[in-house]
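**Student:**
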Amino acid sequence: MSLYVLGDLQGCRPDFEALLESLAPGPRDELWICGDLINRGPDSLGMLRRLRAWRGPLRCVLGNHDLAVLAQARRAVPKLGATARELLGATDAGALLDWLQAQPLLVEAQGLTMVHAGLAPQWTADVARQEAACVAATLRGAEALPALAQMYGDEPDLWTPQLSGAARFRYAVNVLTRMRYVDAQGRLELESKEGIGAGAKTRALWPWFAHPQRRNRALQIAFGHWSTLGRVYWPEHGVWGLDSGCVWGGRLSALRWPERRIYSRPCPAHQQPG
Ligand SMILES: [Mn+2]
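Taking the working numbering as reference, the numbering of the sequence shown is continuous, increasing by one, and the terminal residue is 280.
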């Protein structure tokens, strides 16, 4: 049995179907999707319907775009994007959004860990599991709406086990769904989106996975979110960055596990930067 881990779909359903056809997973193989299932691309509604109705083993994690659509749909934040409007207007919107909101933020099997953006360098594997589970439990519970309403913001930017309430939720969401770079102390630097090398501005920054004191280095991690990363496999860090910019006219990538084979397929541009 293999896992097929797919990069960010962002509503690019035609590209999903095309890649899937070439991968041709067997009935016992698992499909994993590393977040940002929807938003920006041409068919978020169709993508969500397709995944919710998936017959075989499927595991997804939530990305920042999924959370943004949820926050808008639940009216936790005022702005309403076009994609969310399309979803909201659908007759099955309630069921689709409930399904989306019940997805986890970290998935593990066969020695592979999947998250959307990454893990804080200060987090051990156990802390990462615990924080991701806590965010997922909040999203499934009675406090989901206030949590979504207080989700946006770049602070706190440094982990401490003393974080609590909305601050802890926001920090964990930012790590798991938005982070790319951290500084020498492991502080989140959420503004830089560039590829490696262009990222260092005034402070010395590391991609989260390359931080020299990263405490979860024993994990092998598949993630998405970083379309300008430039390559998928980082053997020196044991990570696979699978967002190769499908929605921007890049490629849709997949990792077959445990074989460690990388597949990718070019995509037409569905969205212009900016
Ligand atoms: Mn993302």
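Even glycine gets a Cβ: it sits at the ideal position worked out from N, Cα and C.
Only a predicted model underlies this, so the values are computations on that prediction, with no experimental measurement involved.
Straight-line CA distance for Leu103 to Leu68?
**Tutor:** Reading the sequence shown from its first residue, position 97 is the one you call residue 103. Reading the sequence shown from its first residue, position 62 is the one you call residue 68. Roughly 12 Å separates the two Cα atoms.
**Student:** Buried or exposed for Glu195, going by 16 or more other Cβ atoms inside 10 Å?
**Tutor:** By 1-based counting over the sequence shown, the position of residue 195 is 189. By the neighbour-count rule (16 or more Cβ atoms within 10 Å), Glu195 is buried.
**Student:** Report the rounded CA-to-CA distance for Arg350 versus Asn180, giving the unit in angstroms.
**Tutor:** Residue 350 falls outside the range modelled here, since the chain spans only 7 to 280, and no answer is possible.
**Student:** List the DSSP bridge partners of Glu36.
**Tutor:** Within the sequence shown, the letter at position 30 stands for residue 36. Leu9.
**Student:** For Leu94, collect the residues of the same chain with a Cβ closer than 7 Å to its Cβ; drop the 5 residues on either side in sequence, then sort them by chain order.
**Tutor:** Here residue 94 refers to the residue found at position 88 of the sequence shown. If we look at Leu94 and ignore the five residues flanking it on each side, its Cβ neighbours are Ala79.
**Student:** For Asp189, I'd like the list of residues in its chain whose CB is within less than 8 Å of its CB, leaving aside the five on either flank, ordered along the chain.
**Tutor:** Here residue 189 refers to the residue found at position 183 when the sequence shown is read from its first residue. Once the five neighbours on either side are set aside, the close Cβ partners of Asp189 are Glu195, Arg209, Ala210, Leu211, Trp212.
**Student:** On a CA-only basis, which of Pro20, Ser8, Ser28 is nearest Tyr269? Give me that one, please.
**Tutor:** Counting from one through the sequence shown, the residue named residue 269 turns up at place 263. Closest option to Tyr269, Cα to Cα, is Ser28.
**Student:** Apart from the five residues on each side of it in sequence, which residues of its chain come closer than 7 Å, Cβ to Cβ, to Leu261?
**Tutor:** Position 255 of the sequence shown holds residue 261. So the qualifying residues of the chain are Val11, Ala228, Trp246, Leu248, Ile268.
**Student:** Please tell me whether, using a cut-off of 6 Å, the distance from the CB of Gly69 to the nearest non-hydrogen atom of ligand 1 is below it.
**Tutor:** What you label residue 69 is simply residue 63 of the sequence shown in a count that begins at 1. The answer is yes for Gly69.
**Student:** Measure how close the beta-carbons of Gly13 and Met53 come, nearest whole angstrom, since I'm counting them as under 8 Å.
**Tutor:** The residue labelled residue 13 in the question sits at position 7 within the sequence shown. The residue labelled residue 53 in the question sits at position 47 within the sequence shown. Their Cβ separation, rounded to whole angstroms, is 13 Å, which puts Gly13 and Met53 out of contact at 8 Å.
**Student:** Which of the three DSSP states, helix, strand or coil, is assigned to Arg262?
**Tutor:** Residue mapping note: residue 262 aligns to position 256 of the sequence shown, counting from 1. Note: Arg262 maps to strand in three-state DSSP.
**Student:** By the 10 Å Cβ neighbour count, where 16 or more other Cβ atoms means buried, how is Pro167 classified, buried or exposed?
**Tutor:** Residue mapping note: residue 167 aligns to position 161 of the sequence shown, counting from 1. Answer is exposed; the Cβ neighbour count stays below 16.
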